[in-house]
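**Q**
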Amino acid sequence: MAGEMTSWDILLEAVEDLALDTFKEFKLKLSHIDYEGTHNLSRGLLEETNDSVRLADHMREHYGPDVAVEVAICVLEGINHRDAAAKLKQKKQQGEETGDYRQKYRDHVARDFCTFKEVNACLRENVTLSSTYMKLVMVTNPLGISEQEYEVLSLRERRAEVGMEDAHPALTVETLFQPDERGQMPQIIVLVGGAGIGKTVTARKIMLDWARGAIYAQFDYAFYINCREINLSQQADMLSLVDLISACCPYGKAPPEAILASPEKLLFIIDGFDELKFSLDQPENKLCSDCGERKPVEIILSSLFQKTLLSQSSLLITTRPTALQRLKWCLKEERYAKLMGFSDAEKEEYFYKFFRDEEKAIKAITFVKRNDTLFAMCLAPIMCWTICTALEQELNEGKDLVRTFRTTELYVWYLSSLFKRGSDDLKQDMKTFLSRLCCMAADGIWKKKILFHEKEIEVYGLNHPVLLSLFLNESVLRNRMKRVSVYSFLHPSFQKFFAALFYALENNEETEELGTPGKDIKKVLEKYSDYDANWILVVQFLFGLLNEETGEYLMERTACKISPRVKEDLLKWLQIGQGSTSCSGGVINNLNVFHCLFEIQEETFVSNALEHSTGIVLKDCTLSQYDQMVLSFCVKQWTGLEYFHLEWCIVALEDHENKFVPGPPDRSHQHAPQAEESSLQPVSLLCQALGNPRSKLKTVKLWWCQLTNTFCGDLATVLGTSQSLREVDLGANELGDHGLQLLCEGLKHPSCQLQTLR
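At position 503 of the sequence shown the residue is numbered 504 (our numbering), and the sequence of numbers has no breaks.
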């Protein structure tokens, strides 16, 4: 069908329908119509006009497009062609109604999307989108990162990606649908981003800006389709694309013929593809091409994605990387954009806006920048808010943030801040609620579930009028004309934290009566040993919760007691090599093991855990400064370490992006007291730990690690202090003359026992 008809289209069609005799009669009458005092078109011009296009053009230029249609109606009535006049009048009215409805729909979208419930576990305020929205870094061509690694394993690496934005063409929301370098206009945009990075807020802001006429003028209609709501529709009766469109419109009603008349002017925003519970990789013989045909919702969406429905329409799909492979099977000629989150400068800006106190902001930023995991989490706006909330409590209590770097501790602080907000008469209720919440979190991870329905909330006994909104986010979804609530944790990492707390806490009646899941710590550790990404962070949190000071803090703030038996189980697990992905000879080749040991932060435990292992072999990874600090802590307690081998690893020697100049972004020239920091770089601390006189270290191999002469000075000190080191292999590194000179100085040290240097 042709596109939506303008006044010019309606006029031209009416003139083209005239027979030759009638066309002449029409021109004659038009030459003396005297419409509402307007001068007539000259008879000479009309006599020279012999085709309908030129006639319609003359009428539009003389009268204006809308009045020209009115004049044509009068002319047709004047020459007694009343049927044609009535038909033209009807089309004009339909066109006006379509234009009016389009504006009404825009007004509806503007009202619906201008505010949202801020993810604020305390206040649940409705805030305006424009007042809180901060632009996020967006680039083309997302990297080929494995699904679960992006969400959990690569938190430290993800921060570095934002620093690489110059290596990719920069994008903005406004330029998403612009032609590419070949001049081709994209029809399908896939917006990729991790949990909490701002995909939904960005999608809603696009809807709001479109409704206000600020972007995407090429689209007459934009429809926002929430995949959480689609999951509910899947359980209902079959529906059509018209039904989906109508659900987006005021009162669930829409003029489908007018909307569907111009498919090239339609934009569908599909938010949260990764949350769909069904496959869209449907065979071609199941797809449909009729917008009014009712089918299962997965068929309708598959048909829209695979372009058998409205082939000329445009799609903007948001998804986590976890679903990229699944999505690629459903699309053709899609363009990808990656939502990277806040840049380093925007993180700092967020901290200053949150604290409004320069000294506190400096302390908070300095603390976060010393922990790569936390700094990576700040890519996501919601995590920025959470981290600031937790740090605000500690700073207000005069705590020293310099003494600790542990990720777990921040989550514990946040939990404490929630308890602090509750009144005294809620304290016992909160303890019971927390036990049940942790049970649901763990059960959800076993079942790979992040959304919980009201019935599940009731089963776990979490339907408390105050506490439910304090701990969980509520999303109100539309299921046809009904509204349904589903609940989720503030961020997937919080579900993992509460799951870890479930296994760390002593047994109590509250969780035992729920029955599931059982507290079998061995099953959790088996999942970790199998590299199940859903459990990597859970186990890391579990170690952190077993720290003695953390246990005391939790007991004081929440009245929750950590079970000492769990620490014994974890120690035995590590001692027999189950957590280390053992090779022959007790070699550890899993960096995550060291992060777990760093989280517990107890020297005796670490020493006992490593006493049966003799070496480290790490391959194909990036050792950030935080990783180096983690390794240096563990190596320092590891007197039985004999073998240290890195191969194809990037050892970060200086983190330029992580440098911090105190003061707000717009006052960076000012100087303020910095928080106390170690004068040693993390790589120096690592070398210092390797050179521990008590160590039994015999061999250091660093192959293809992009080491430069900067590293050689630190390594030279190891040569002079280690009494056991016999072999150092630095193959395939460009050390330079100066680097070799530094190593030679180390070899000259009277205490050097080295026998082989390659």
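For glycine and all other residues, C-beta sits at the position ideal for the given N, C-alpha and C.
1) Measure the C-alpha to C-alpha separation of PHE498 and TRP330 and round it to an integer number of angstroms.
2) Rounding to the nearest angstrom, what Cα-Cα distance links LEU469 and PHE434 in this structure?
3) Looking only at C-alpha atoms, which of ASN693, GLU728 and SER685 sits nearest to CYS713?
4) Please report how far the alpha carbon of ILE589 lies from the alpha carbon of GLY692, in whole angstroms.
5) Would you check if there are 3 or more beta carbon pairs closer than 8 Å linking the segment 325-339 to the segment 361-369?
6) Give the straight-line distance between the Cα atoms of LEU13 and ILE34, rounded to the nearest whole angstrom.
7) Counting only the same chain and skipping the five closest in sequence on each side, list residues whose C-beta sits under 7 Å from that of GLN496.
8) Going by CA-CA distance only, name the one from ARG437, VAL487, ILE458 and VAL467 that's closest to LEU502.
9) Please report how far the alpha carbon of TYR504 lies from the alpha carbon of TYR529, in whole angstroms.
10) Using three-state DSSP, classify VAL467 as helix, strand or coil.
11) Is the segment 608-619 in contact with the segment 414-424, if contact means three or more CB pairs nearer than 8 Å?
12) Where does VAL54 land, buried or exposed, given buried means 16+ other C-beta within 10 angstroms?
13) Would you give the residue range spanned by the alpha helix (DSSP H) that ALA391 belongs to?
14) When DSSP labels each residue in this structure, what does ALA223 get in the three-state scheme?
15) Are LEU698 and LEU720 closer than 8 Å when you measure CB to CB?
16) May I ask you to list the residues that DSSP assigns as paired with THR718?
17) Please specify which runs of the alpha helix (DSSP H), each continuous and at least 4 residues long, are wholly inside the segment 273-325, giving them in chain order.
18) Assuming THR623 contacts TYR644 under a Cβ cut-off of 8 Å, what Cβ separation, rounded to an integer in Å, is found between them?
19) Between LEU328, TRP704 and HIS613, which has its C-alpha nearest LEU647's C-alpha?
20) How many Å lie between LYS749 and GLU350 at the Cα?
21) Comparing C-alpha positions only, which one of PRO187, LEU571, THR757 and TRP386 sits nearest to ALA362?
22) Alpha carbon to alpha carbon, how far is ALA248 from PRO297? Give it in angstroms, no decimals.
23) With a threshold of 6 Å on Cβ separation, who are the neighbours of SER679 within its own chain once the five nearest residues in sequence on each side are excluded?
24) DSSP three-state label for ASN734, please.
25) Only counting runs of 4 or more residues, tell me where the alpha helix (DSSP H) segments fall wholly within the segment 414-459, in order along the chain.
26) Which residues bound the beta strand (DSSP E) around MET341?
27) Just the C-alpha distance for LEU592 and LEU277, rounded to the nearest angstrom, thanks.
28) Using beta-carbon positions only, say whether ILE260 and LEU317 come within less than 8 Å of one another.
29) Which residues mark the beginning and the end of the alpha helix (DSSP H) in which ILE190 is found?
30) Considering only C-alpha positions, which residue in the set ALA324, ALA381, LEU392 and ASP531 is nearest to PHE356?
31) Under the assumption that THR757 contacts LEU736 (Cβ atoms under 8 Å), give the Cβ distance between them as a whole number of angstroms.
32) Under the three-state reduction of DSSP, which class applies to ARG695: helix, strand or coil?
33) Going along the chain, which residues of its own chain have a beta-carbon closer than 7 Å to the beta-carbon of CYS379, five neighbours each way excluded?
34) Going along the chain, which unbroken runs of the beta strand (DSSP E) with 3 or more residues stay wholly within the segment 40-72?
35) Tell me whether PRO665 sits in a helix, a strand or coil according to DSSP, three-state version.
36) Rounded to whole angstroms, what is the Cα-Cα separation between LEU471 and GLY96?
**A** Reading off the structure:
1) Counted from its first residue, the sequence shown places residue 498 at position 497. Counted from its first residue, the sequence shown places residue 330 at position 329. Taking the straight line from one Cα to the other gives about 34 Å.
2) Within the sequence shown, the letter at position 468 stands for residue 469. Within the sequence shown, the letter at position 433 stands for residue 434. Those two C-alpha atoms are separated by around 9 Å.
3) Sequence index remark: in the sequence shown, residue 713 carries index 712 (1-based). Looking at the Cα atoms, SER685 is the closest of the given residues.
4) What you label residue 589 is simply residue 588 of the sequence shown in a count that begins at 1. What you label residue 692 is simply residue 691 of the sequence shown in a count that begins at 1. ILE589 and GLY692: Cα-Cα distance of roughly 19 Å.
5) Segments in contact, no.
6) As a position in the sequence shown, residue 13 is number 12, starting the count at 1. As a position in the sequence shown, residue 34 is number 33, starting the count at 1. Roughly 19 Å between the two C-alpha positions.
7) Mapped onto the sequence shown, residue 496 falls at position 495. Excluding its 5 nearest sequence neighbours in each direction, GLN496 has C-beta neighbours in its own chain below 7 Å: ALA442, GLY445, ILE446, ILE451 and PHE490, listed in chain order.
8) The residue you call residue 502 lines up with position 501 of the sequence shown. Looking at the Cα atoms, ARG437 is the closest of the given residues.
9) On the sequence shown, residue 504 is found 503 positions in, with the first residue counted as 1. On the sequence shown, residue 529 is found 528 positions in, with the first residue counted as 1. Near 14 Å, if we compare the C-alpha coordinates of TYR529 and TYR504.
10) As a position in the sequence shown, residue 467 is number 466, starting the count at 1. VAL467: coil per DSSP, three-state reduction.
11) Because the criterion of three Cβ pairs below 8 Å is not met, the segment 608-619 and the segment 414-424 do not touch.
12) Translated into the one-based positions of the sequence shown, residue 54 becomes position 53. Per the 10 Å Cβ criterion, exposed.
13) As a position in the sequence shown, residue 391 is number 390, starting the count at 1. Per DSSP, ALA391 belongs to the alpha helix (DSSP H) from 382-397.
14) The residue labelled residue 223 in the question sits at position 222 within the sequence shown. DSSP places ALA223 in strand when its eight states are reduced to three.
15) Locating residue 698 in the sequence shown gives position 697, counting from the first residue. Locating residue 720 in the sequence shown gives position 719, counting from the first residue. The answer is no: Cβ separation not under 8 Å.
16) Working through the sequence shown from its first residue, we reach residue 718 at position 717. As computed with DSSP, THR718 is found in no beta bridge at all.
17) Uninterrupted alpha helix (DSSP H) stretches at least 4 residues long and entirely within the segment 273-325 occur at 298-306, given in chain order.
18) As a working note, residue 623 is residue 622 in the sequence shown. As a working note, residue 644 is residue 643 in the sequence shown. Approximately 21 Å separates the beta-carbon atoms of THR623 and TYR644; this is outside 8 Å, ruling out the contact.
19) Here residue 647 corresponds to residue number 646 of the sequence shown, with the count starting at 1. Comparing Cα-Cα distances from LEU647 to each of LEU328, TRP704 and HIS613, the minimum goes to TRP704.
20) Looking up residue 749 in the sequence shown gives position 748. Looking up residue 350 in the sequence shown gives position 349. C-alpha separation (whole angstroms): 50 Å.
21) Position 361 of the sequence shown, counted from the start, is the residue given in the question as residue 362. With distances taken between Cα atoms, ALA362 lies closest to TRP386.
22) As a working mapping, residue 297 is identified with position 296 in the sequence shown. As a working mapping, residue 248 is identified with position 247 in the sequence shown. Taking the straight line joining both Cα atoms gives about 16 Å.
23) Translated into the one-based positions of the sequence shown, residue 679 becomes position 678. The predicted model places SER679 with a pLDDT of 44, which falls under 50 and marks its position as unreliable, so this point remains unresolved.
24) As a first step, residue 734 is located in the sequence shown; it is residue number 733 there, counting from the start. Note: ASN734 maps to coil in three-state DSSP.
25) DSSP runs (the alpha helix (DSSP H)) wholly in the segment 414-459: 428-447.
26) Along the sequence shown, one-based indexing puts residue 341 at 340. Counting along the chain, the beta strand (DSSP E) containing MET341 begins and ends at 336-342.
27) Here residue 592 is taken as the residue at index 591 of the sequence shown, counted from 1. Here residue 277 is taken as the residue at index 276 of the sequence shown, counted from 1. Approximately 33 Å between the Cα atoms of the pair.
28) Locating residue 260 in the sequence shown gives position 259, counting from the first residue. Locating residue 317 in the sequence shown gives position 316, counting from the first residue. Cβ distance not < 8 Å, so ILE260 and LEU317 don't count as in contact.
29) Walking along the sequence shown from the start, residue 190 turns up at place 189. For ILE190, no alpha helix (DSSP H) run applies; the uninterrupted beta strand (DSSP E) run containing it begins and ends at 189-193, by DSSP.
30) Reading the sequence shown from its first residue, position 355 is the one you call residue 356. Among ALA324, ALA381, LEU392 and ASP531, the Cα nearest to that of PHE356 is on LEU392.
31) Taking the first residue of the sequence shown as position 1, residue 757 is located at position 756. Taking the first residue of the sequence shown as position 1, residue 736 is located at position 735. Contact flag wrong, Cβ pair sits at about 16 Å.
32) Here the question's residue 695 lines up with position 694 in the sequence shown. Of the three classes helix, strand and coil, the one that applies to ARG695 here is coil, per DSSP.
33) For the purposes of this step, residue 379 is identified with residue 378 of the sequence shown, where counting begins at 1. Counting only Cβ-Cβ distances below 7 Å, and skipping sequence neighbours, we find PHE343, LYS348, VAL369, CYS385 and ILE388.
34) Correct list: empty.
35) Start at 1 with the first residue of the sequence shown, and residue 665 comes out as number 664. Reliability fails at PRO665, whose pLDDT of 47 lies under 50, so the model's placement of it is uncertain and the value that follows must be treated cautiously. Secondary structure of PRO665 (DSSP, three-state): coil.
36) The residue you call residue 471 lines up with position 470 of the sequence shown. The residue you call residue 96 lines up with position 95 of the sequence shown. Within the model, the alpha-carbon separation for LEU471 versus GLY96 is close to 50 Å.
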